[in-house]
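Number of protein chains: 2
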Amino acid sequence: MARAIQVIGIEGLPEVRPGDDLVALLLDALAAEGLALQEGDIVVLTQKIVSKAEGRLIALAEVEPSMFARTVAEQTGRDPRLTEVILREARRIVRMDRQVLLVETRQGLVCANAGVDRSNVGEGRVALLPQDPDASARAIREEIKRRTGIQVAVLITDTFGRPWREGLTEVAVGVAGLAPLKDHRGHRDRFGVPLQATLVAVADELACAAGLVMEKLAGIPAAIIRGYAYEPQEGTAAALVRPPERDLFR
Amino acid sequence: MARAIQVIGIEGLPEVRPGDDLVALLLDALAAEGLALQEGDIVVLTQKIVSKAEGRLIALAEVEPSMFARTVAEQTGRDPRLTEVILREARRIVRMDRQVLLVETRQGLVCANAGVDRSNVGEGRVALLPQDPDASARAIREEIKRRTGIQVAVLITDTFGRPWREGLTEVAVGVAGLAPLKDHRGHRDRFGVPLQATLVAVADELACAAGLVMEKLAGIPAAIIRGYAYEPQEGTAAALVRPPERDLFR
């Protein structure tokens, strides 16, 4: 049983509020479960709790939709104020349709609704993505190291759709402490044939693994992945975004 | 530690050959590691070993490329015989470019090169996807039940790229015994707000989790996921494919 990975859901986190000390809440929740972080663990947090702690919440009642937001709202079947918030977070509309509003966000991500989301933030409010999710991940990683002495990697995840396939999966929108991509190119397979096109999006696979335990309905917004031998590196989720000039679908 | 999932790589599988009894090889490898299957385990196999066992291998030297295959090969920088094999597996070209040949396969999947792959099959040969990966998964599941009395779910995975994001991730191309999608729509969040757009591609997240231990270079082509509470169902990977009429990118 040389290669076994554990994915552990962190239960018992309280409702996170703007200004909360997320690392303190996390360490308390772990302690209450009798769990302690270990060197090399990967701590995975949903974007939602990071955004809440950072105060990235907007009350829709206070939003004044622009003329364009009203027009887009009508075509995509959305609330005009929500649409205004989405457009403020976007730097480009990639595709819009009767139900879809797919944009490139200020962070460079391509996703529906610029990652603006109504769930688990209370009626009439929406959560935005963290301003700089890589910086958020780095700060959490450093704070964990400062308080516990333990070096972990940190991923911040969000739930994205994708073309051609049904259903959403988790992706890494913030990375600190691990190489987000693993490059097999140039290596040879067991028959000596060079491997092609084998750049693996490790951070997204880790995000999906964590997604299996981070249940939206059960209120589990964080997980630990233990036993995965990653390549330590400063890391950035920006490396997971394909540059527009090499993207056939933008 | 209520919610912990284990992802266990199955080591020690021999090189799989056409006609091999994959379930026997799998059970032997598990026994050699001192592992036994448990009720509810998810057995994950890479497409490659399933294809090999099913004899879905082609020697390129025996392929005569058509005129169109030669033309496409030239434009996409590919071997004309490989291109011929890809086109035979395809029912539609979704996108072609200087390096990319993205097609819809006969199984309905949208992926590069119709899933035709040169790695780990020996020089001058390529592996095709299983003819009907759901049927392959079902047969493996039934055979495991027959031999061990244990009810597992089975996933067959392949490694696909995706628009907008760098790197490949595992996806489920064959499913037996679990619901590939989990539907949260209609449920309400902790604030009572209805959850929207939350159809989760559980089978793909499981495939990614398994991908973390199924290392191409280390020759680990199978894994067990243990402790994930899935919804038992006949299941099919076809449900993970978005119908063309609802797909903005086809």
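Listed in order, the protein sequences are those of chains A and B.
Per our numbering, residue 17 is the first one in the first sequence, and the count goes up by one each step.
Per our numbering, residue 17 is the first one in the second sequence, and the count goes up by one each step.
Glycine residues also receive a C-beta, built at the ideal position from the N, C-alpha and C atoms.
For B:E186, the nearest beta carbon of chain A is closer than 8 Å to its own beta carbon. When C-beta distances to chain A are compared with 7 Å, every residue of the region 146-171 of chain B stays at or above that value.
At a C-beta separation below 7 Å, B:F265 has these neighbours in chain A: P179, W180 and F265.
Contact check for A:A223 against A:V168 fails: the beta carbons are separated by 8 Å or more. Beta-bridge partners of B:M112 (DSSP): B:L117.
One finds Q22, V23, I24, G25 and V229 in chain B with Cβ atoms closer than 8 Å to the Cβ of A:A20, taken in chain order. For A:G177, the CB contacts under 7 Å within the same chain, skipping 5 residues up- and downstream, are A128 and L184 in chain order.
Only R111, D113, V116 and V126 from the region 97-127 of chain A bring a Cβ to less than 7 Å from some Cβ of chain B. Its chain contains V119, E120, T121, R122 and A130 as the residues whose beta carbon lies nearer than 8 Å to that of B:A106, once the 5 sequence neighbours on both sides are disregarded; these appear in chain order. Setting aside the 5 residues that flank it on each side, B:G124 is surrounded in the same chain by A254 and V257, each with a C-beta closer than 7 Å to its C-beta; the list follows chain order. Residue state for A:I102 is assigned as helix, using DSSP reduced to three classes. Note on B:P259: under 16 other CB atoms within 10 angstroms of its CB, so exposed under the neighbour-count rule.
For B:I156, the secondary structure class from DSSP, reduced to helix, strand or coil, is helix.
With respect to chain B, the C-beta atom of A:S67 has no partner C-beta closer than 8 Å.
For the pair of segments examined, the region 205-222 of chain B was found not to touch the region 142-154 of chain B: the number of CB pairs separated by less than 8 Å stays below three.
In the structure shown, A:E186 falls within a strand segment according to DSSP collapsed to helix, strand and coil. Considering only beta carbons, the part of the region 209-222 of chain B lying closer than 9 Å to chain A consists of V209, P210, L211, Q212, A213, T214, L215, V216, A217, V218, A219, D220, E221 and L222, in chain order.
Excluding the 5 residues flanking it on each side, A:V191 has same chain C-beta neighbours closer than 7 Å at D150, A153, L171, A219, G251, T252 and A253, in chain order. With distances taken between CA atoms, A:L211 lies nearest to B:V142 out of B:I156, B:L215 and B:V142. Taking all protein chains in view, the Cβ of B:E139 is surrounded by fewer than 16 other Cβ atoms within 10 Å, so the residue is classified as exposed.
Residues L211 and T214 of the same chain have their beta carbon placed closer than 6 Å to that of A:H200, with the five preceding and five following residues left out of the count. Between A:G50 and A:A239, the alpha-carbon positions lie close to 14 Å from each other.
Put simply, the region 53-60 of chain A touches the region 229-243 of chain A. At least three CB pairs are less than 8 Å apart.
Contacts between B:G138 and chain A, judged by CB atoms closer than 8 Å, involve F207 and V209 in chain order. A Cβ of chain B is located within less than 8 Å of the beta carbon of A:V257.
Under the Cβ criterion of 8 Å, A:G183 is counted among the residues facing chain B. The Cβ of A:K232 sits closer than 8 Å to at least one Cβ of chain B. Close to A:A143, with beta-carbon spacing below 8 Å, lies no residue of chain B; the smallest spacing is near 12 Å. Put simply, the region 18-38 of chain B touches the region 224-231 of chain B. At least three CB pairs are less than 8 Å apart. CA-to-CA, the gap between A:A77 and A:V32 works out to about 22 Å. Neighbours of B:G71 in chain A, taken as residues whose beta carbon is under 7 Å from its own, are absent, since the nearest beta carbon is some 17 Å off. Counting C-beta atoms within 10 angstroms of its own C-beta, A:E70 has 16 or more neighbours from the protein chains shown and is therefore classed as buried. For B:G235, the nearest CB of chain A lies under 8 Å from its own CB, placing it at the interface with that chain.
Put simply, the CB of B:A225 is near chain A, with a gap under 8 Å to one of its CB atoms. Residues of chain A with a Cβ closer than 8 Å to the Cβ of B:L197 are, in chain order, E182 and G183.
For B:S135, there are no CB contacts under 6 Å within the same chain when 5 residues up- and downstream are skipped.
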